[in-house]
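First comes the structure, then the notes that go with it.
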């Protein structure tokens, strides 16, 4: 039989040769086709950009005298069509613009990226779910018609059920979520920070499991680990400011990231005060940006100052990840994360205009992308 296969005068020999050549071409071409799928969307994201992560681009909207002026200024950008008369309506319109951006990205990308984009749409609904749960538990008035702000029908139904449920019925109402989430809402003492933590953990777990195209897994995994670091540091900063007991900190650990291993997390937790927490981060990429914000934190007494510095550093990490993975998922990650912070900056301005705040006050709360 082998004689027949290896004899060039026989038909089976040429079938074998053609099969081997086709297999070799497939192996060689696979990475090329993976890059090809990202050429158009990546070029589109580059053309659109994220202008509202730069202070210079935010200056004009900040100078708006009224919300109507603000809308007109933002809508000169062809990627925005903001509607509404009140601050709330405009902010809802900005949130809707973010969802429309994700849907545009999904449409322009490979179908193998569908789960990726669907998860970011779900993340939007999770934010609304967290808000409703906090309002329910801490006796705040639930925002009217808030379920209409969701995108996915299952979250719309869930939120409507929660609004009509008692606090005792919450665990049963959210039973489809993992046990650690349901268990939290069965406890007597619940904090807003713990609510944020369990749903952030849920998002990370979902992100780890989603499938992305060939050659994208390494970048996706690096992004997830960076996000874990980000949450771990932010959780400790918030907890230190609130005054958590040390035994409660283990609950806030999101797992090991790129730079914050479990031993480093324990070292951070052992620090007594917020400035000491930052000192323990020396040697990590987060240290310099947080160190530069300590003086302002001490003066103003709000941990949001440090959170903004942390968010800016996270943006910088995503930017570097994009550059290293420019031919695949990198620009997608950068654009979607940047858009999220861009929307946040614009919401700050809209609120600032309605409350007659100065530009200097608004600027304090922006998250900006650092220059290249």
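Residue numbers (the numbering used here): 125 to 496.
Built from N, CA and C at the ideal position, the CB exists for glycine as well.
These numbers were taken from a predicted model, which means no experiment stands behind them.
| request: Identify, in the order they occur along the chain, each residue of the same chain with its Cβ nearer than 6 Å to the Cβ of residue 105, setting aside the five sequence neighbours on each side. | output: Here the chain comprises residues numbered 125 to 496, so residue 105 is not present and cannot be evaluated.
| query | With DSSP run on the structure shown, which of helix, strand or coil describes residue 218? | reply | Mapped onto the chain shown, residue 218 falls at position 94. Three-state DSSP puts residue 218 in a helix.
| alpha helix (DSSP H) runs contained entirely in the segment 254-335, provided each spans 4 or more residues | The DSSP assignment places 277-287, 294-297, 303-308 and 316-333 as complete runs of the alpha helix (DSSP H) inside the segment 254-335, in order along the chain (cut-off: 4 residues).
| field | For residue 382, the three-state DSSP class (helix, strand or coil) | value | Residue 382 sits at position 258 when you count from the first residue of the chain shown. Residue state, collapsed to three classes: coil.
| Range covered by the alpha helix (DSSP H) that runs through residue 529 | Not covered by the structure: residue 529. The range shown for the chain is 125 to 496.
| request: On a CA-only basis, which of 420, 366, 455 and 263 is nearest residue 290? Give me that one, please. | output: Taking the first residue of the chain shown as 1, we reach residue 290 at position 166. Nearest C-alpha to residue 290: 263.
| query | From residue 434 to residue 160, what does the alpha carbon distance come to, in whole angstroms? | reply | By 1-based counting over the chain shown, the position of residue 434 is 310. By 1-based counting over the chain shown, the position of residue 160 is 36. Cα to Cα, residue 434 sits roughly 34 Å from residue 160.
| message | What would DSSP say about residue 488, mapped onto helix, strand or coil? | response | The residue you call residue 488 lines up with position 364 of the chain shown. In the three-state scheme derived from DSSP, where H, G and I count as helix and E and B as strand, residue 488 is classed as coil.
| message | Just to confirm the assignment, what range does the alpha helix (DSSP H) spanning residue 462 have? | response | For the purposes of this step, residue 462 is taken as residue 338 along the chain shown, with counting starting at 1. According to the DSSP assignment, residue 462 belongs to the alpha helix (DSSP H) that extends over 454-478.
| How big is the Cα-Cα spacing for residue 202 and residue 309? | As a first step, residue 202 must be located in the chain shown, where it is residue number 78. As a first step, residue 309 must be located in the chain shown, where it is residue number 185. Cα to Cα, the separation comes out at about 44 Å.
| message | Checking 8 Å against the spacing of the C-beta atoms, do residue 386 and residue 380 come in under that value? | response | Taking the first residue of the chain shown as 1, we reach residue 386 at position 262. Taking the first residue of the chain shown as 1, we reach residue 380 at position 256. Yes. Within cutoff.
| residue 244 beta carbon less than 8 Å from that of residue 460 | The sequence position of residue 460 within the chain shown is 336, counting from 1. The sequence position of residue 244 within the chain shown is 120, counting from 1. Yes. Within cutoff.
| query | Looking at C-beta atoms only, is the number of pairs between the segment 313-333 and the segment 353-369 that lie closer than 8 Å three or more? | reply | Contact holds: three or more Cβ-Cβ distances are below 8 Å.
| query | When DSSP labels each residue in this structure, what does residue 210 get in the three-state scheme? | reply | Position 86 of the chain shown holds residue 210. Three-state result, residue 210: coil.
| task | Could you check if residue 302 is buried or exposed, using at least 16 other CB atoms within 10 Å of its CB as the buried criterion? | result | Sequence index remark: in the chain shown, residue 302 carries index 178 (1-based). Result: exposed.
| request: Count the other C-beta atoms from every protein chain shown that fall within 10 angstroms of the C-beta of residue 458, then say buried if there are 16 or more, exposed otherwise. | output: Here residue 458 is taken as the residue at index 334 of the chain shown, counted from 1. Label assigned to residue 458: buried.
| message | Does residue 395 come out as helix, strand or coil in the three-state DSSP assignment? | response | Start at 1 with the first residue of the chain shown, and residue 395 comes out as number 271. In the three-state reduction of the DSSP assignment, residue 395 falls in the coil class, being assigned neither a helical nor a strand state.
| Any beta strand (DSSP E) of 3 or more consecutive residues that is wholly inside the segment 356-382 | Qualifying beta strand (DSSP E) stretches: none in this window.
| said: Helix, strand or coil for residue 168? Go by DSSP, reduced to three states. | reply: Start at 1 with the first residue of the chain shown, and residue 168 comes out as number 44. Residue state for residue 168 is assigned as helix, using DSSP reduced to three classes.
| query | Residues in its own chain within less than 8 Å of residue 473 by CB, not counting five upstream and five downstream? | reply | Counting from one through the chain shown, the residue named residue 473 turns up at place 349. Only 182, 185, 186, 188, 194 and 486 meet the Cβ criterion.
| query | Considering only C-alpha positions, which residue in the set 480, 417, 436 and 438 is nearest to residue 429? | reply | On the chain shown, position 305 is the one that residue 429 refers to. Here the closest residue by C-alpha is 417.
| request: Compute the Euclidean distance between the alpha carbons of residue 247 and residue 276, then round it to the nearest angstrom. | output: On the chain shown, residue 247 is found 123 positions in, with the first residue counted as 1. On the chain shown, residue 276 is found 152 positions in, with the first residue counted as 1. Here the alpha carbon of residue 247 sits roughly 10 Å from the alpha carbon of residue 276.
| said: Taking the straight line between their C-alpha atoms, what separation do you get for residue 452 and residue 293? | reply: Here residue 452 corresponds to residue number 328 of the chain shown, with the count starting at 1. Here residue 293 corresponds to residue number 169 of the chain shown, with the count starting at 1. Their Cα atoms are separated by approximately 45 Å.
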